[in-house]
Amino acid sequence: MGALQHNPERYFVPQPANYPVRGSLALLLLATGAVLWMNHYASGPWVVLVGFAALLWMLIGWFGTVIRESESGVYNKQVDTGFRWSMSWFIFSEVMFFAAFFGALFYIRVLSVPDLGNPLHKMLWPDFAAGWPSTGPYMKTLFSPMEAWGIPAINTLLLLSSGVTLTIAHWGLVAGNRGKLKLWLFLTIVLGATFLGLQAYEYSHAYHTGLKLTTGVYGSTFFLLTGFHGFHVTIGAIMLTVMLGRVMKGHFTEHHHFAFEATAWYWHFVDVVWILLFIIVYWL
Amino acid sequence: MTSATHGLGHPQHAPGAHDSHDDHAHGPPSGFMRWVSTTNHKDIGTMYMLFALMNFFIGGVMAMIIRAELFQPGLQVVNPDFFNQMTSLHGLIMIFGAIMPVFVGFANWQIPLMIGAPDMAFARMNNWSFWLLPPATILLIGSLFVPGGSLSAGWTLYPPLTVQQGMGMDLVIFAVHIMGASSIMGSINIITTILNMRAPGMTLFKMPMFCWTWLITAFLLIAAMPVLAGAVTMLLTDRHFGTSFFNAAGGGDPVLFQHIFWFFGHPEVYIIALPAFGVVSQVIPAFSRKPLFGYTSMVYATASIAILSFMVWAHHMYAVGMPAAGQLFFMYATALIAVPTGVKVFNWVATMWKGSLTFETPMLFACGFLFLFTLGGFTGLVLAIVPVDIQLQDTYYVVAHFHYVMVAGALFSAFAAVYFWIPKWTGRMYDETLGKWHFWLSMIGFNLTFFVQHFLGLAGMPRRIPDYNLQFANFNMVSSLGAFLFGGSQLLFVYIVYKCYRGSGEKAAANPWDGAEGLEWTLPSPPPYHTFETPPAVK
Numbered sequence: 000m001g002a003l004q005h006n007p008e009r010y011f012v013p014q015p016a017n018y019p020v021r022g023s024l025a026l027l028l029l030a031t032g033a034v035l036w037m038n039h040y041a042s043g044p045w046v047v048l049v050g051f052a053a054l055l056w057m058l059i060g061w062f063g064t065v066i067r068e069s070e071s072g073v074y075n076k077q078v079d080t081g082f083r084w085s086m087s088w089f090i091f092s093e094v095m096f097f098a099a100f101f102g103a104l105f106y107i108r109v110l111s112v113p114d115l116g117n118p119l120h121k122m123l124w125p126d127f128a129a130g131w132p133s134t135g136p137y138m139k140t141l142f143s144p145m146e147a148w149g150i151p152a153i154n155t156l157l158l159l160s161s162g163v164t165l166t167i168a169h170w171g172l173v174a175g176n177r178g179k180l181k182l183w184l185f186l187t188i189v190l191g192a193t194f195l196g197l198q199a200y201e202y203s204h205a206y207h208t209g210l211k212l213t214t215g216v217y218g219s220t221f222f223l224l225t226g227f228h229g230f231h232v233t234i235g236a237i238m239l240t241v242m243l244g245r246v247m248k249g250h251f252t253e254h255h256h257f258a259f260e261a262t263a264w265y266w267h268f269v270d271v272v273w274i275l276l277f278i279i280v281y282w283l
Numbered sequence: 000m001t002s003a004t005h006g007l008g009h010p011q012h013a014p015g016a017h018d019s020h021d022d023h024a025h026g027p028p029s030g031f032m033r034w035v036s037t038t039n040h041k042d043i044g045t046m047y048m049l050f051a052l053m054n055f056f057i058g059g060v061m062a063m064i065i066r067a068e069l070f071q072p073g074l075q076v077v078n079p080d081f082f083n084q085m086t087s088l089h090g091l092i093m094i095f096g097a098i099m100p101v102f103v104g105f106a107n108w109q110i111p112l113m114i115g116a117p118d119m120a121f122a123r124m125n126n127w128s129f130w131l132l133p134p135a136t137i138l139l140i141g142s143l144f145v146p147g148g149s150l151s152a153g154w155t156l157y158p159p160l161t162v163q164q165g166m167g168m169d170l171v172i173f174a175v176h177i178m179g180a181s182s183i184m185g186s187i188n189i190i191t192t193i194l195n196m197r198a199p200g201m202t203l204f205k206m207p208m209f210c211w212t213w214l215i216t217a218f219l220l221i222a223a224m225p226v227l228a229g230a231v232t233m234l235l236t237d238r239h240f241g242t243s244f245f246n247a248a249g250g251g252d253p254v255l256f257q258h259i260f261w262f263f264g265h266p267e268v269y270i271i272a273l274p275a276f277g278v279v280s281q282v283i284p285a286f287s288r289k290p291l292f293g294y295t296s297m298v299y300a301t302a303s304i305a306i307l308s309f310m311v312w313a314h315h316m317y318a319v320g321m322p323a324a325g326q327l328f329f330m331y332a333t334a335l336i337a338v339p340t341g342v343k344v345f346n347w348v349a350t351m352w353k354g355s356l357t358f359e360t361p362m363l364f365a366c367g368f369l370f371l372f373t374l375g376g377f378t379g380l381v382l383a384i385v386p387v388d389i390q391l392q393d394t395y396y397v398v399a400h401f402h403y404v405m406v407a408g409a410l411f412s413a414f415a416a417v418y419f420w421i422p423k424w425t426g427r428m429y430d431e432t433l434g435k436w437h438f439w440l441s442m443i444g445f446n447l448t449f450f451v452q453h454f455l456g457l458a459g460m461p462r463r464i465p466d467y468n469l470q471f472a473n474f475n476m477v478s479s480l481g482a483f484l485f486g487g488s489q490l491l492f493v494y495i496v497y498k499c500y501r502g503s504g505e506k507a508a509a510n511p512w513d514g515a516e517g518l519e520w521t522l523p524s525p526p527p528y529h530t531f532e533t534p535p536a537v538k
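What follows is the structure in structure tokens.
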């Protein structure tokens, strides 16, 4: 492992930078603004806007620096290995974040909703049927639950294909075939964007037929799970777009392209989460 | 590599020390920007520790307010709602603002020195891990001053109370998010450093035990923190966006929050305890002048504790109701943790066995840890037993138990670490006489405060209530007096640390301890600003 792969001449240690503290200030503004906004202070949205802009500005600067360092060749094999470890652990942390929401869905479907329908509770809510989907005993909203074999099935197909196209793009990169790389990477982004478009259409359709975030625990779990996934697809698509931009500028070599690989890892992770969502949230 | 030693208080430019290849050998930029923009693990470690010290006193003042109110029965000092805000924030600040950062500070300073690395793997991200903490603390403390006040439902953030509270709760939620992000980044950094930056020859099983415990702690953090983020996100949407996760009317369940919270919360206990175990595993061998007994078993015991910690969460929730099979599972799984913990305690004692022992301040704190943490472990076993726990849930017995683990466990070990390593960090020996005073005052103050709380709890005094029945008056007065003694004696600690940083006191040798071994003791005290720019050789 690691220990033997270092560059024997010199370690890489970056110079002092003020990106972190700018990021912290941005997050402080973002959090404060969000709290103000949620509590109906008129200043809230503006503070959020400033915080978000500051965060974006910082991220562009920071990633820009890393890209410049990477292209100038100061990252040795050891730095590359470090990036691999860290991206893996970052994705693991994302897995655990989704695990919290999947765990909540499991608990609600297997424990809390059936419990609300048990004989002891019949006195309180005689006509509550503890099936799934459920909006709980006190919410009587009518809605149509999500159908798996419409848009969600198409979306599954889109995301799975995007995994394939991304792999073909990677083959192009490794083989030094830039045309192949650009074409298939572009196709991957198109597939991702189509997925997001269909997801947005599905959401608006749901809202028109009565399924909202406020539609009891079914609405809560559906929108938070698919919403966080959609957010991650958005981030992944932005990452892919940045990769395409870098490819256009002639970045990466056959052997030195971990940013591309990390993006691919992330994209596959988002893919796997979607398959779980499709099976557990939409289908079963 | 520079030969000039610029210690903490004396940032200097080392003339002629850098070559044309790059600027690594520069001294730090001077003034405020040095600390804001630094990518140096030593600077960042120092900031973590000073920040933790500041929060230790903020949380400590809150504890003093709590004990002042409980000095006598009746309501004298603060109103009940403010009292509840104090107990809640005291918990959050001590855990997230004091104990966790101080151990990350030790990790920052020591791990690169111990494994022969030039710095942490991601030096800029390391800076961000630290600088995320001040905004989080600003949000936490700021929540006291918004309409409706801060969180008053306890640090465990249970709904439905936390769904009903004012905007202070929102600030707490975002503070938790930011602290979680900081912990995850810090942990990824530590894991990558340990796995990827070890000097040639430094195999995993040659690493000092402190590095092992941090490697496993970092794994726990990466696994547990996102779950907490998920839990507070659900709280936020329940509060403001009409979701029903914790609302039975909509099909949810407040108990769901408790499950998710404690799935984070129990590993969190070991996130705090494991680095403390690591410190003690460095200190006891040094002052016993013997290698650590059972190194390999220590590693496996630590890993077992980490894995088991994810399977015991519901022992915090026996009283909310759960099937008997669940109670039995969580009871036995919890009792099982005593096995690897027993291995560790046995190994520490066996390390001391027939050693040539001396009791300088670090060793005193390590021994204090050994006695009192083990006692806290025993009361933990008592609480693991379902029928007993149902009696003792939310009493002062629980308060006594976790303060034995958190204060006499983690905090005493942190003191041991500071006294052990401060000669390395500052180049100055601490004042041994004052250190011993600090230990004995802390030891006496701590036990006066918390030992009697076992009796209060067994007699049925509930926690998180500002008033109590007359029968509890005597023990509460003892506890409060002990707390004031304990709190006051920490000022002594600040003075001792200040003296070292100011540069007064005896100069420390590269290795001021007879029995201490490891790469960090081969470096001068204080070590140069950049160490191991080329890998050292490890036999």
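The listed protein sequences correspond, in order, to chains A and B. Going left to right, the first sequence walks through residues 0 to 283 as numbering that gives the first Met the number 0 numbers them. Going left to right, the second sequence walks through residues 0 to 538 as numbering that gives the first Met the number 0 numbers them. Don't be surprised by glycine CBs; every beta carbon is placed ideally from N, CA and C. These figures come from a predicted structure and were not determined experimentally.
Closer than 9 angstroms to the CB of residue 243 of chain A there is not a single CB belonging to chain B. At least one beta carbon of chain B lies nearer than 9 angstroms to the beta carbon of residue 106 of chain A. If you check the CB distance, residue 155 of chain A and residue 277 of chain A come in under 9 angstroms. The alpha-carbon separation between residue 424 of chain B and residue 496 of chain B amounts to approximately 11 angstroms.
Here residue 136 of chain A carries a coil assignment [DSSP, helix/strand/coil].
Residue 460 of chain B and residue 334 of chain B have their C-alpha atoms spaced approximately 26 angstroms apart. DSSP lists B:427 as the beta-bridge partner residues of residue 506 of chain B. Assignment of beta-bridge partners to residue 199 of chain B by DSSP yields no partner.
Remark: C-beta atoms of residue 447 of chain B and residue 487 of chain B do not approach each other more closely than 9 angstroms. No Cβ-Cβ contact shorter than 9 angstroms links residue 311 of chain B with residue 263 of chain B.
With a threshold of 9 angstroms between beta carbons, residue 14 of chain A makes contact with chain B. DSSP lists B:461 as the beta-bridge partner residues of residue 394 of chain B. Listed in chain order, the non-local C-beta contacts of residue 195 of chain A below 8 angstroms within the same chain comprise 229, 232, 233, 236, local neighbours out to five positions each way being set aside. Residues of the stretch 249-272 of chain B whose Cβ lies closer than 7 angstroms to any Cβ of chain A, in chain order: 249, 250, 251, 252, 255, 258, 259.
If you draw a straight line from the Cα of residue 178 of chain B to the Cα of residue 109 of chain A, it is about 32 angstroms long.
Taking a contact as a CB-CB distance under 8 angstroms, the pair residue 249 of chain B and residue 138 of chain A counts as one, their CB atoms being some 5 angstroms apart. At a cut-off of 9 angstroms between C-beta atoms, residue 45 of chain B does not count as an interface residue with respect to chain A.
Assigned with DSSP and collapsed to three states, residue 231 of chain B falls in helix. Straight-line spacing of the CA atoms in residue 437 of chain B and residue 63 of chain B works out to 18 angstroms. Residue 152 of chain B and residue 389 of chain B have their alpha carbons spaced roughly 20 angstroms apart. Contact between the stretch 149-163 of chain A and the stretch 184-192 of chain A is established, with three or more Cβ pairs separated by less than 8 angstroms. Nearest neighbour of residue 443 of chain B by Cα position, chosen from B:84, B:485, B:422, turns out to be B:485. Taking the C-beta atoms as reference points, residue 242 of chain B is found nearer than 9 angstroms to residue 223 of chain A.
Put simply, of B:537, B:375, B:291 the residue whose alpha carbon is nearest the alpha carbon of residue 409 of chain B is B:375. Shortest Cα-Cα distance from residue 355 of chain B to any of B:501, B:48, B:286 involves B:286.
For residue 102 of chain A, the chain B residues whose C-beta falls within less than 7 angstroms of its own C-beta are 259, listed in chain order. With its beta carbon less than 9 angstroms from one in chain A, residue 127 of chain B belongs to the interface. Selection A:201, A:55, A:29 evaluated against residue 43 of chain A yields A:29 as nearest (Cα-Cα). By the neighbour-count criterion, in which a residue is buried when 16 or more other Cβ atoms sit within 10 angstroms of its Cβ, residue 252 of chain B is buried. Just so you know, the alpha carbons of residue 150 of chain B and residue 158 of chain B end up roughly 11 angstroms apart. Here residue 497 of chain B carries a helix assignment [DSSP, helix/strand/coil].
Distances from the CA of residue 284 of chain B to each of B:32, B:517, B:535 were compared; the closest alpha carbon is that of B:517. By the 16-neighbour rule on beta-carbons within 10 angstroms, residue 185 of chain B is buried.
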